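Undergrad: Can you keep this structure in mind? I'll have questions shortly.
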Amino acid sequence: MLDIKLIRENPEFVRENLERRGKPEKIRQLDELIDLDLKWRRKLTNLNEMRRERNKISMEISEMKKKGVEVPRKLLEKSRNLSKEIEKEERELKKLEERIKFLLMSLPNLIHESVPYGESEEDNVPIRYWGKPRVYEEELEQFLAMTNGEVEPEVIGFKPKVHTDLLLELDVADIERAGKASGSRFYYLKNELVLLDMALMRF
311 MLDIKLIREN
321 PEFVRENLER
331 RGKPEKIRQL
341 DELIDLDLKW
351 RRKLTNLNEM
361 RRERNKISME
371 ISEMKKKGVE
381 VPRKLLEKSR
391 NLSKEIEKEE
401 RELKKLEERI
411 KFLLMSLPNL
421 IHESVPYGES
431 EEDNVPIRYW
441 GKPRVYEEEL
451 EQFLAMTNGE
461 VEPEVIGFKP
471 KVHTDLLLEL
481 DVADIERAGK
491 ASGSRFYYLK
501 NELVLLDMAL
511 MRF
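Shown next, in the form of structure tokens:
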């Protein structure tokens, strides 16, 4: 979670860092947070002033009672009204605190200055490799450009098929009809795969 003190002291630094993530909603959350934090601090100052005023009046009332002096009705009313105002301010302050905490927890950590800017994971830059990286032949040129030719890969002459492609090729699943019934990422088993599934359940 980001430190609110950092946001107060360096809002532009935090904003620029978040912009590098390419998520506009996080910038909007930061702007809301800065605005609410300013309101919170103003309300807290106002609340503390009201508390001091109430304490001062309470001491005056206490001194009058000790001396046997009748406390003016206006002073008692002022004390009661102040207490109501203080309770109201405390409730509003608590709501602000809850929203501020939520926004702070929603914001991601800062990115290290060495992290390159990118719009997707394809823009990631490898720092180092463990062992010999395996690269598909069709992606070799991109890999060599990304590593400046400094890393020698093991070239793989084929690319494994995605399981959904295999299901369609073997004609053991119906993705289209299942998609209409239940949405994407779902399929009906059919033919030999149904028999295999039943055999495994009975095993």
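When you read off a place in the sequence shown, starting at 1, and then add 310, the result is the number in my numbering. Ideal Cβ positions, reconstructed from N, Cα and C, are used throughout, including at glycine. Every value quoted in this text rests on a predicted model; they were computed, and no experiment measured them.
1. Can you find the residues in the same chain that come closer than 7 Å, C-beta to C-beta, to GLY467, ignoring five residues on each side of it along the sequence?
2. At which residues does the alpha helix (DSSP H) containing ILE437 begin and terminate?
3. Whole alpha helix (DSSP H) runs in the region 317 to 383 with 4 or more residues, listed along the chain?
4. Which residue wins for smallest C-alpha separation from GLY428, given the options GLY332, LYS490, LEU316?
5. If you reduce the DSSP assignment to three classes, tell me which class ILE466 lands in.
6. In the DSSP assignment, find the beta strand (DSSP E) that holds ARG495 and state where it starts and stops.
7. Going by C-alpha distance, which of GLU370, GLU335, LEU340 is nearest LEU316?
8. Quick check on the burial criterion: 16 or more other C-beta atoms within 10 angstroms. Buried or exposed for ALA491?
9. Looking at the secondary structure, which residues open and close the beta strand (DSSP E) in which VAL504 lies?
10. Hey, how far is the Cα of LEU406 from the Cα of ASP345?
11. Go to VAL445, then tell me how far its beta strand (DSSP E) extends in each direction, as first and last residue.
12. Can you have a look at VAL324 and say buried or exposed, based on whether 16 or more other CB atoms are within 10 angstroms of its CB?
13. Tell me, please, which residues DSSP counts as bridged to ALA455.
14. Could you have a look at ASP573 and say whether DSSP puts it in helix, strand or coil?
15. Going by the beta-carbon positions, is the gap between VAL445 and PRO463 smaller than 8 Å?
16. So, helix, strand or coil for LEU420, using DSSP?
17. If distances are taken between C-alpha atoms only, which option among LEU510, ARG362, ILE337, GLU432 comes closest to LEU413?
18. When you compare the CB positions of GLU363 and LEU392, do they come within less than 8 Å of one another, or not?
19. Expressed to the nearest angstrom, what Euclidean distance is found between the alpha-carbon atoms of LYS366 and HIS422?
TA: With the given structure in hand:
1. GLU447
2. In the DSSP annotation of this structure, ILE437 is not part of any alpha helix (DSSP H), being labelled neither H nor E.
3. 321 to 329, 334 to 376
4. Closest in C-alpha terms to GLY428, from the list GLY332, LYS490, LEU316, comes GLY332.
5. strand
6. No residue range can be given for ARG495, since it is assigned to no beta strand (DSSP E) and is classified by DSSP as neither H nor E.
7. LEU340
8. By the neighbour-count rule (16 or more Cβ atoms within 10 Å), ALA491 is not buried but exposed.
9. According to the DSSP assignment, VAL504 belongs to no beta strand (DSSP E) but to the alpha helix (DSSP H) extending over 502 to 512.
10. 11 Å
11. 444 to 446
12. VAL324 is buried by the Cβ-count criterion.
13. According to DSSP, which records beta bridges pairwise, ALA455 is partnered with nothing at all.
14. Outside the displayed range of the chain (311 to 513) lies residue 573, so it cannot be described from this structure.
15. yes
16. coil
17. ILE337
18. yes
19. Pairing LYS366 with HIS422, the inter-Cα distance amounts to about 51 Å.
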